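Q: If you read the sequence shown in the numbering used here, its first letter stands for residue 10, the second for the next number, and so on.
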Amino acid sequence: MDLIKRLCIVLGIMAFLGVLFFSTSYTFAAEDRGVPYEWEEAFIWPTVGELTDTFGTRGGSHYGIDIAAEEGTPVVSVADGVVSRSYYSDTYGNVIFINHDNQMETVYAHLHERLVEEEQYVEEGQLIGTVGTTGRSSGNHLHFEVHQESWNVHKSEAIDPLFVLSQKPSHMYASLEAERNDAISAAARNEEVSSNVVGKITVTKGDTLWSLAQRYGVSVELIKEWNHLKDETIYINQQLMIYEVSTVHNVQKGETLTAIANQYERSVDDVMELNKLDSDQILIGQMLYIERE
10 MDLIKRLCIV LGIMAFLGVL FFSTSYTFAA EDRGVPYEWE EAFIWPTVGE
60 LTDTFGTRGG SHYGIDIAAE EGTPVVSVAD GVVSRSYYSD TYGNVIFINH
110 DNQMETVYAH LHERLVEEEQ YVEEGQLIGT VGTTGRSSGN HLHFEVHQES
160 WNVHKSEAID PLFVLSQKPS HMYASLEAER NDAISAAARN EEVSSNVVGK
210 ITVTKGDTLW SLAQRYGVSV ELIKEWNHLK DETIYINQQL MIYEVSTVHN
260 VQKGETLTAI ANQYERSVDD VMELNKLDSD QILIGQMLYI ERE
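#1: Expressed to the nearest angstrom, what Euclidean distance is found between the alpha-carbon atoms of S165 and D99?
#2: In the DSSP output, what is A118 paired with across the bridge?
#3: Run through DSSP, which three-state label would F106 get?
#4: What's the call for Q307, buried or exposed, on a 16-neighbour Cβ count within 10 Å?
#5: Please state whether DSSP places R67 in a helix, a strand or coil.
#6: Report all residues from its chain with a CB closer than 6 Å to the CB of Q129; omit the five preceding and five following residues, and keep chain order.
#7: Can you grab the Cα-Cα spacing for the pair V3 / I105, in whole Å?
#8: Would you check if the distance between the CB atom of G58 and the CB atom of L124 is smaller than 9 Å?
#9: Return helix, strand or coil for N246, following the three-state DSSP convention.
#10: Measuring alpha carbon to alpha carbon, tell me which of Y298, L297, Q295 and P55 ends up nearest L174.
#11: Would you report the Cα separation of I137 and D62, rounded to the nearest angstrom?
#12: Thinking just about the alpha-carbon of each residue, which of E132, L218 and E133 is nearest to the one in T82?
#13: Taking all protein chains shown into account, decide if L297 is buried (16 or more other Cβ within 10 angstroms of its Cβ) or exposed.
#14: Whether or not the stretch 267-275 and the stretch 233-252 are in contact is what I'm after, with contact meaning three or more pairs of Cβ atoms, one per stretch, closer than 8 Å; do they touch?
#15: For the putative contact between I74 and F64, defined by C-beta atoms under 8 Å, what is the C-beta separation to the nearest angstrom?
#16: Given this structure, state the Cα-to-Cα distance separating G90 from V44, to the nearest angstrom.
#17: Give me the Cα-Cα distance between D289 and G215, rounded to the nearest whole angstrom.
#18: What's the C-alpha gap between A268 and L238?
#19: Would you kindly work out how many angstroms separate the C-alpha atoms of V229 and L120, rounded to a whole number?
#20: Roughly how many angstroms separate the alpha carbons of S220 and N111, rounded to a whole number?
#21: Taking C-beta to C-beta, are W48 and V116 nearer than 9 Å?
#22: How many Å lie between Y96 and G141 at the Cα?
#23: Which residues in the same chain as T242 place their Cβ atom closer than 8 Å to its Cβ, once the five residues preceding and following it in sequence are excluded?
#24: Is the Cβ-Cβ distance between E264 and Q176 less than 9 Å?
#25: What residues in its chain sit with their C-beta under 6 Å from that of Y72, if we drop five residues either side in the sequence?
#26: Taking Cβ positions, are I299 and V257 nearer each other than 9 Å?
#27: Taking the alpha carbon of Q295 as the reference point, which residue from L60, A118, S86 and Y225 has its own alpha carbon closest?
#28: Smallest Cα separation from E133: which of E114, S86 and L292?
#29: Which same chain residues end up closer than 7 Å to A88 when comparing Cβ atoms and leaving out the 5 residues on each side of it in sequence?
#30: So E59 is in the beta strand (DSSP E); what residue range does that whole segment cover?
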């Protein structure tokens, strides 16, 4: 009986040590993200929306993250690089691959439209496309992947994008350095909008509410309000009214809604109300309607 008690004690100690060793090993593994230290939280977000799926789900077959947003929402490059591929895929839909100087390659899939070509150099925050639901997709969202080396069919170099995307609010919500539309005049940048921004326009192929807002120097929300639109869906040959506004501000990198409101001697609440904003989160390249007092 005494021998049995001793044996039980020994087995108990061994089990305890085994659990302790396993837990410690698991902790170390969890902390080892497998990415270079300088990459951790070093990059801006590719778009703004709701994170609906994460890396490693679907039995380990999901090699990126999904960010749901309305069709036409801007998608930008998370860092400087060169477009390695820009094409239509049966699975990815409209997809863009970008090679970066640090050997990292990023993937932007299910796009509504692609705005860059292969071998084109892009900068951090540059507009490369818009959110859509092309390819094997069940709703408007951006599927975003990060690979330590060039993408391969087995996705053996894929890492969790959340390890490298910055958690700074300025990088999550004001990181859209959209290319300026050629149709936006110098007057539309923080100055008076000329009188030709008045009248009825006809939607043509490729137009989105975002591109029209950029072209005419107004906000998407204003166009929706003027035309009683419930969402951002528009169609070819649709007639839309665009009205003249007194002042618009084109949001620049690093600006906050508070700073912009102070610049025009307005309150933050006034600017939010004029632009139908639900929060004080703004995007670079966004057009804000502002009335001078």
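Ideal Cβ placement from N, Cα and C applies to all residues, glycine included.
All values reported here derive from a predicted model rather than from experimental measurement.
A: Let me lay it out:
#1: 21 Å
#2: H152
#3: strand
#4: The question about residue 307 has no answer here: the residues shown for the chain are numbered 10 through 302.
#5: helix
#6: V92
#7: Residue 3 lies beyond the range of the chain shown here (10 to 302); nothing can be said about it.
#8: no
#9: coil
#10: P55
#11: 22 Å
#12: L218
#13: buried
#14: no
#15: 6 Å
#16: 19 Å
#17: 29 Å
#18: 30 Å
#19: 19 Å
#20: 32 Å
#21: no
#22: 14 Å
#23: E80
#24: no
#25: E154, K164 and A167
#26: yes
#27: Y225
#28: S86
#29: F52, H109 and E133
#30: E59 to D62
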